[in-house]
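Residue numbers (our numbering), protein chains in the order written: chain A, 7 to 121; chain B, 1030 to 1144.
Heads up: the structure comes next, in structure tokens.
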């Protein structure tokens, strides 16, 4: 079974608009962390934002915010005021309490920002 | 801002040859990781390393793979006898603490092409 699901293989958004990238996860652990990474076409992996399973408030980091719905096991990334430089692959990832070692990645969503 | 450094950025190797991918983690980090991303696919965990030993490895990390921290700064991944299917982007990552809320900071990756 997939641990991380990202149902949108590709998304388009108009410049300056907001966009939501979906992520659902599967874990039986009570303690876990959820991350979003950005991978531009140049290939590097850039950490964007983190949400802990015990955090009561949704994480925010500049133009990025995480819509965390624990009961639904979803952790959607919201990018406000999209910029052309936001065009990239976005990966949702999880680090489970049972294994503090590995980060499990979803398949990614390709975001294209249209001028 | 401190960053994870990987060399080379691109490595081309004949099938059956040994290859060593190099990484310099962030200086005060203690936990080190290797991931790989086959073109067009998701990022997969290979191995984690702490206190000079492997703490977890995936089924991908078979006897052909090894990791080493030969000195206080470098962290290497060796593939002994490369196969065509080893062609991928290899990412090194490091984190400061072994907790689910600590992000792993990734290097820019080494693109390995096996001919």
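The C-beta atom is built at its ideal place from N, Cα and C for all residues, glycine as well.
- The contact set of residue 1135 of chain B on chain A, defined by CB atoms closer than 8 Å, consists of 43, 50, 51, 52, 53 in chain order.
- Residue burial is scored here from C-beta neighbours: residue 85 of chain A has at least 16 other C-beta atoms within 10 angstroms and is therefore classed as buried.
- For residue 1039 of chain B, the enclosing beta strand (DSSP E) starts and ends at 1039–1042.
- Rounded to the nearest angstrom, the Cβ distance from residue 1111 of chain B to residue 1037 of chain B is 15 Å, too far for a contact under 8 Å.
- The contact set of residue 1132 of chain B on chain A, defined by CB atoms closer than 7 Å, consists of 41, 53, 56 in chain order.
- In the structure shown, the three-state DSSP call for residue 1068 of chain B is coil.
- Secondary-structure assignment with DSSP links residue 1122 of chain B through a beta bridge to B:1062, B:1135.
- Shown here, residue 112 of chain A sits in coil according to DSSP, grouped into three states, outside any helix or strand.
- For residue 1097 of chain B, the enclosing beta strand (DSSP E) covers residues 1094–1097.
- If you keep only unbroken beta strand (DSSP E) runs of at least 3 residues inside the stretch 42–110 of chain A, you get 52–58, 70–75, 80–85, 94–102.
- Our two residues, residue 16 of chain A and residue 43 of chain A, have alpha carbons roughly 16 Å apart in a direct line.
- 1071, 1072, 1074: these are the residues of the stretch 1056–1076 of chain B whose beta carbon lies less than 7 Å from some beta carbon of chain A, given in chain order.
- Across the structure, residue 101 of chain A and residue 109 of chain A are spaced so that their CA atoms are roughly 5 Å apart.
- About 6 Å separates the beta carbons of residue 57 of chain A and residue 81 of chain A, which is inside the 8 Å limit, making them a contact pair.
- Straight-line measurement puts the Cα of residue 46 of chain A at about 12 Å from the Cα of residue 119 of chain A.
- The continuous beta strand (DSSP E) containing residue 16 of chain A extends over residues 16–20.
- In the same chain as residue 23 of chain A, and ignoring 5 residues on each side of it, the C-beta atoms closer than 6 Å to its own belong to 88, in chain order.
- Contact between residue 41 of chain A and residue 99 of chain A holds, with the beta-carbon distance rounding to 4 Å and staying under 8 Å.
- When secondary structure is reduced to three states using DSSP, residue 40 of chain A falls in the strand class.
- Annotation: the continuous beta strand (DSSP E) that includes residue 1053 of chain B extends over 1048–1053.
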